[in-house]
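*Asks:* The listed protein sequences derive, respectively, from chains A and S.
FYI, the numbering for the first sequence is 1 to 233, going by our numbering.
FYI, the numbering for the second sequence is 1 to 233, going by our numbering.
All residues carry an ideal CB built from backbone N, CA and C; glycine is no exception.
Predicted model, so just to flag it, every value in this text is computed and none were measured.
First, the structure itself, so that you have it in front of you.
Protein chains: 2
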Amino acid sequence: MNAYPDFAYVAGLIGDPTRAAMLDSLLDGRALPASELAYLARVSPQTASAHLAKLVEGKLLAVETHGRHRYYRLAGAHVAQVLEALTTLAPPVQVRSLRQSDRLKEVRHARTCYDHLAGQLGVELTRTFVTRGFLREADREYRITEVGKRWFSDFGIDVEAIRQKRRSLARPCLDWSERRHHLAGALGAALASRLFELGWIVRVPSSRAVRITEKGREHLAHQLGIETAGRLT
Amino acid sequence: MNAYPDFAYVAGLIGDPTRAAMLDSLLDGRALPASELAYLARVSPQTASAHLAKLVEGKLLAVETHGRHRYYRLAGAHVAQVLEALTTLAPPVQVRSLRQSDRLKEVRHARTCYDHLAGQLGVELTRTFVTRGFLREADREYRITEVGKRWFSDFGIDVEAIRQKRRSLARPCLDWSERRHHLAGALGAALASRLFELGWIVRVPSSRAVRITEKGREHLAHQLGIETAGRLT
DNA sequence: TGAATGATTCGGTTATGATCGAAGTATGAA
DNA sequence: TTCATACTTCGATCATAACCGAATCATTCA
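Here it is, written out as structure tokens:
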């Protein structure tokens, strides 16, 4: 009857709470061993193993064997994008505690999405790049302008070098908290790691949230006109 | 622990084969009564009722009561978009029969996606509008240029009139078969219904596929330079 | 070679939730 | 009223798949 691919299969894979917890743990782009994923999802190694096999079978995860360890990671940025898109449909969390509310604010403010930045910070950076003429929006991707190439180069990102890579250079990714696009792709990834490298942002332990350092706050304001103080709303 | 919305819940709703069949039946934007959905998903009315309640509870469907009938439809175009995005991750169907292969070609060639057009035709139309300067891509939406407004007006679509509507005017929607964006939003919907009205396209019975008529083929070629013959690949 | 560790396979148990029969509610028509 | 239709609620059944204990495989290290 149905002549086109079936979304029920993929949704079913994602829909199991345990598998969802695993996918969630991998959303930041890391590769984790099976035991770690079992621990994070609070199930036994056997159970985890079965789930991971299904996720690999369904092409949502990729696996890499290193000695007796098996490292699992998302099959690609496209998987992270679909998960973020799904989150868009999810009912907003009802806040129970002050602590939980704080964590939600953190994660809305700035977080990693696979290997790039999302949240207010991610969206704001992207918006600034477009209004300053560094990026131009095209179908399914951002084009990097000459001005942009110079700016990124000065910032310590060699656009030509990362252009070599197979993956797409600069693509938009839908942000579930801001409901706007932020920069993904190789350039998005490079930008995020450069910001970590410069110490403008640091990871919040055991969370996808990212904190902007004092140094980062100053530089973002001076160099890009992005005000980040008091934006934690 | 998790401070952000959970995609497992939504994915779980979509992941059940029966519910997925119902969502699929509604992907063209129609509103169908519960009994019809039960028939299409091959379950009893009681079972269907339970599933529909869950889908409404999860804000994936909206329900409208007319007398003793209850009409269910997708809660909005955003739901259709997420379903299309999910389909992007789904494994390609393995073709068993010539008949199935033909249906797949049909649906790849041209189909409705909620209330607008998708497939090769949808993507090609959108591409043409952009290259001819009728639309310009911006963040999360297409901007309609002055030239575009005139062209759509000549084509029988009053852009100012549909701009009044609440829903977004012209937004991109990811196409699972072409893996590019096509035009969604109020303008996308208006375009589709105008093409039906003009008799350039007709629906294929019991399918989301759309067939381009001889008349449509000629006009698309002359007025927009879109060659549709022999593109059924 | 043997012991220890990481991970998977197998088999049996259990719980969740999809399913439908039967009964109940609401609307419309005679 | 009474009957028919559209749909939902309740209750019971049943199947699927998540889960873990035990055993197995594979790698590393002593």
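Can you tell me whether DSSP reads LEU117(A) as helix, strand or coil?
*Replies:* Your numbering for residue 117(A) matches position 117 in the first sequence. LEU117(A): strand per DSSP, three-state reduction.
*Asks:* Please state whether DSSP places ARG163(A) in a helix, a strand or coil.
*Replies:* Within the first sequence, the letter at position 163 stands for residue 163(A). Residue state, collapsed to three classes: helix.
*Asks:* Does chain A have any CB closer than 8 Å to the CB of PRO17(S)?
*Replies:* In the second sequence, residue 17(S) corresponds to position 17, counting from 1. Taking Cβ atoms only, chain A reaches closer than 8 Å to PRO17(S), which makes this a yes.
*Asks:* Kindly indicate if chain A contains any beta-carbon less than 8 Å away from that of ALA138(S).
*Replies:* Stepping through the second sequence from its first residue, residue 138(S) is reached at position 138. Yes, ALA138(S) lies at the interface with chain A (some Cβ there is under 8 Å from its Cβ).
*Asks:* Please name the residues in the region 28-52 of chain A whose beta-carbon is closer than 9 Å to at least one beta-carbon of chain S, in chain order.
*Replies:* none
*Asks:* Spell out a yes or no on whether the region 44-58 of chain S and the region 31-47 of chain A are touching, meaning 3 or more CB-CB pairs, one atom from each, closer than 8 Å.
*Replies:* Three or more Cβ pairs closer than 8 Å define a contact, and the region 44-58 of chain S falls short of that threshold against the region 31-47 of chain A.
*Asks:* Tell me whether the beta-carbon of GLU141(S) lies closer than 8 Å to the beta-carbon of ALA209(S).
*Replies:* Working through the second sequence from its first residue, we reach residue 141(S) at position 141. Working through the second sequence from its first residue, we reach residue 209(S) at position 209. Taking 8 Å as the Cβ cut-off, GLU141(S) and ALA209(S) do not qualify as a contacting pair.
*Asks:* Would the region 220-227 of chain A count as touching the region 122-134 of chain A if we require 3 or more Cβ pairs under 8 Å?
*Replies:* yes
*Asks:* Measure the alpha-carbon distance for LEU26(S) versus GLU214(A) and round it to whole angstroms.
*Replies:* Against the second sequence, residue 26(S) aligns to sequence position 26. Against the first sequence, residue 214(A) aligns to sequence position 214. Roughly 51 Å between the two C-alpha positions.
*Asks:* With a threshold of 8 Å, are at least 3 pairs of Cβ atoms found where one atom belongs to the region 162-171 of chain A and the other to the region 179-190 of chain A?
*Replies:* Yes, since at least three Cβ pairs between the region 162-171 of chain A and the region 179-190 of chain A fall closer than 8 Å, the two stretches touch.
*Asks:* Of the residues GLU178(A), LEU191(A), ALA85(A), ARG70(A), which one's Cα is nearest the Cα of ALA170(A)?
*Replies:* Indexing the first sequence from 1 puts residue 170(A) at position 170. When only C-alpha atoms are compared, the closest one is LEU191(A).
*Asks:* Per DSSP, what are the beta-bridge partners of ARG180(S) in this structure?
*Replies:* The count along the second sequence starts at 1 and reaches residue 180(S) at position 180. The partner list for ARG180(S) (beta bridge, DSSP) is empty, contrary to what the question assumes.
*Asks:* Within 8 Å (strictly less), CB to CB, does ALA62(A) reach chain S?
*Replies:* Stepping through the first sequence from its first residue, residue 62(A) is reached at position 62. So, not an interface residue.
*Asks:* Could you give the uninterrupted runs of the alpha helix (DSSP H) lying entirely in the region 23-57 of chain A, keeping only those of 4 residues or more?
*Replies:* 34-41, 45-57
*Asks:* Determine which residues share a DSSP beta bridge with LEU86(A) and list them.
*Replies:* Against the first sequence, residue 86(A) aligns to sequence position 86. Paired residues: none, contrary to the question.
*Asks:* Near ARG179(A), what residues of its chain come up, given a Cβ to Cβ distance below 6 Å and the 5 sequence neighbours on each side ignored?
*Replies:* On the first sequence, position 179 is the one that residue 179(A) refers to. Once the five neighbours on either side are set aside, ARG179(A) has no close Cβ partner at all.
*Asks:* Specify the secondary structure class of GLN223(S) as computed by DSSP and reduced to three states.
*Replies:* The sequence position of residue 223(S) within the second sequence is 223, counting from 1. Reduced to three states, the DSSP call for GLN223(S) is helix.
*Asks:* Whole angstroms is fine: what's the gap from LEU104(S)'s alpha carbon to ASP115(S)'s?
*Replies:* Walking along the second sequence from the start, residue 104(S) turns up at place 104. Walking along the second sequence from the start, residue 115(S) turns up at place 115. Cα to Cα, the separation comes out at about 20 Å.
*Asks:* I'd like to know if PHE134(S) contacts chain A, where contact means its C-beta is closer than 8 Å to some C-beta of that chain.
*Replies:* Numbered from its first residue, the second sequence carries residue 134(S) at position 134. It does not: the Cβ of PHE134(S) has no partner Cβ on chain A nearer than 8 Å.
*Asks:* Would you say ASP6(A) reaches chain S, if we count a Cβ-Cβ gap shorter than 8 Å as a contact?
*Replies:* Against the first sequence, residue 6(A) aligns to sequence position 6. Interface residue, yes.
*Asks:* In three-state terms, what does DSSP make of TYR4(A)?
*Replies:* Position 4 of the first sequence, counted from the start, is the residue given in the question as residue 4(A). Note: TYR4(A) maps to coil in three-state DSSP.
*Asks:* For ALA85(A), collect the residues of the same chain with a Cβ closer than 8 Å to its Cβ; drop the 5 residues on either side in sequence, then sort them by chain order.
*Replies:* The residue given as residue 85(A) occupies position 85 in the first sequence. Result list for ALA85(A): LEU174, TRP176, in chain order.
*Asks:* So which residues on chain A does GLY12(S) lean against when the C-beta distance must stay under 9 Å?
*Replies:* Taking the first residue of the second sequence as position 1, residue 12(S) is located at position 12. For GLY12(S), the residues of chain A that pass the 9 Å Cβ criterion are ALA11, GLY12, ILE14, GLY15, ASP16, PRO17, ALA20, in the order they occur in the chain.
*Asks:* Helix, strand or coil: which one does DSSP assign to THR65(S)?
*Replies:* The count along the second sequence starts at 1 and reaches residue 65(S) at position 65. Strand, per DSSP.
*Asks:* Which residues does DSSP list as the beta-bridge partners of VAL210(A)?
*Replies:* As a position in the first sequence, residue 210(A) is number 210, starting the count at 1. Note: VAL210(A) sits in a beta bridge opposite ARG203(A).
*Asks:* For TRP176(S), which residues in chain A fall below 8 Å Cβ to Cβ?
*Replies:* The count along the second sequence starts at 1 and reaches residue 176(S) at position 176. For the C-beta of TRP176(S), the chain A residues within less than 8 Å are, from N- to C-terminus, TYR4, PRO5.
*Asks:* Alpha carbon to alpha carbon, how far is ASP158(S) from LEU132(S)? Give it in angstroms, no decimals.
*Replies:* Residue mapping note: residue 132(S) aligns to position 132 of the second sequence, counting from 1. Residue mapping note: residue 158(S) aligns to position 158 of the second sequence, counting from 1. What sits at residue 132(S) in the sequence shown is Arg, not Leu. When rounded, the distance between both Cα atoms is 19 Å.
*Asks:* Which partner residues of ALA138(A) appear in the DSSP bridge assignment?
*Replies:* For the purposes of this step, residue 138(A) is taken as the residue at position 138 of the first sequence. By DSSP's assignment, ALA138(A) forms a beta bridge with GLU141(A).
*Asks:* Per DSSP, which one or two residues make a beta bridge with ARG70(A)?
*Replies:* Counting from one through the first sequence, the residue named residue 70(A) turns up at place 70. Note: ARG70(A) sits in a beta bridge opposite THR65(A).
*Asks:* Can you tell me whether ALA21(S) is buried or exposed? The criterion is at least 16 other CB atoms within 10 Å of its CB, across all chains shown.
*Replies:* Residue numbering aside, residue 21(S) sits at position 21 when the second sequence is read from its first letter. Result: buried.
*Asks:* Are TYR39(S) and LEU52(S) closer than 8 Å when you measure CB to CB?
*Replies:* In the second sequence, residue 39(S) corresponds to position 39, counting from 1. In the second sequence, residue 52(S) corresponds to position 52, counting from 1. Going by C-beta atoms, TYR39(S) is not nearer than 8 Å to LEU52(S).
*Asks:* Please report how far the alpha carbon of GLY12(S) lies from the alpha carbon of LEU61(S), in whole angstroms.
*Replies:* In the second sequence, counting from the first residue as 1, residue 12(S) sits at position 12. In the second sequence, counting from the first residue as 1, residue 61(S) sits at position 61. Their backbone Cα atoms lie some 15 Å apart in a straight line.
*Asks:* Below 8 Å between beta carbons: does that hold for LEU89(A) and VAL95(S)?
*Replies:* Against the first sequence, residue 89(A) aligns to sequence position 89. Against the second sequence, residue 95(S) aligns to sequence position 95. Going by C-beta atoms, LEU89(A) is not nearer than 8 Å to VAL95(S).
*Asks:* According to DSSP, is LEU174(A) part of a helix, a strand, or is it coil?
*Replies:* Counting from one through the first sequence, the residue named residue 174(A) turns up at place 174. DSSP places LEU174(A) in strand when its eight states are reduced to three.
*Asks:* Need the endpoints of the alpha helix (DSSP H) that SER153(A) sits in, please.
*Replies:* As a first step, residue 153(A) must be located in the first sequence, where it is residue number 153. Where SER153(A) is concerned, the enclosing alpha helix (DSSP H) stretches over 146-154.
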